[in-house]
Amino acid sequence: NVLLSYGTGAVMGVPAHDERDFAFAKRYNLPIRVVVAPPGWRGEELEQAYTEPGTMVNSAQFDGLPSQQGAEAISDFLEEGGWGKRAVTYRLRDWLISRQRYWGAPIPIIYCPNCGTVPVPEEDLPVLLPEDAEFKPTGESPLKYCEQFVNTTCPR
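The letter at position 106 of the sequence shown is residue 106 when you use UniProt numbering, and the numbering goes up by one with no holes.
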């Protein structure tokens, strides 16, 4: 089934590697072609979708590559041929802000002493939280002590 609230609007079917596509292919007796092999796979039919990293198979010149390396190689191939380009699509949805927490969604606003509040430019969204924040028992946000996060540059 197609989820209208998910993704870019393109329809892609990978029944061997997506649970919904696998169920759809089984229900309608469609072929299930494995392109990322699980460890020890010898060509047998999958009993469920394989969604973990593995080895590229049935993938022409990318056969034998670890799947993560294969994804990079395929992206390079498509970009070099002018058929596509890399893009990151975050699965963000509308949300309500009641208070900001370190582990929640950061509010994409920068405070500048000269300009006041300035929205983070769209090309810099989403704002990702630093992974090296220190949690101290002060009751204050761990972001307060994270220099590269607090001392950012005004985009204006």
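Glycine residues also receive a C-beta, built at the ideal position from the N, C-alpha and C atoms. The structure displayed is predicted, hence computed values, not measured ones.
For R156, the closest alpha carbon among the candidates V118, F135 and K136 is that of V118. Boundaries of the beta strand (DSSP E) harbouring V118: G116 to P119, taken from the DSSP string. Beyond the five residues adjoining it in sequence on each side, G43 comes within less than 7 angstroms, by CB distance, of no other residue in the same chain. Residue Q148 holds the alpha-carbon nearest to the alpha-carbon of V127 among F77, Q148, V57 and A49.
As DSSP reads the structure, C112 sits in a beta bridge with G116. In its chain, beyond the 5 residues on either side, R33, V34 and V35 have a beta carbon closer than 8 angstroms to the beta carbon of N58.
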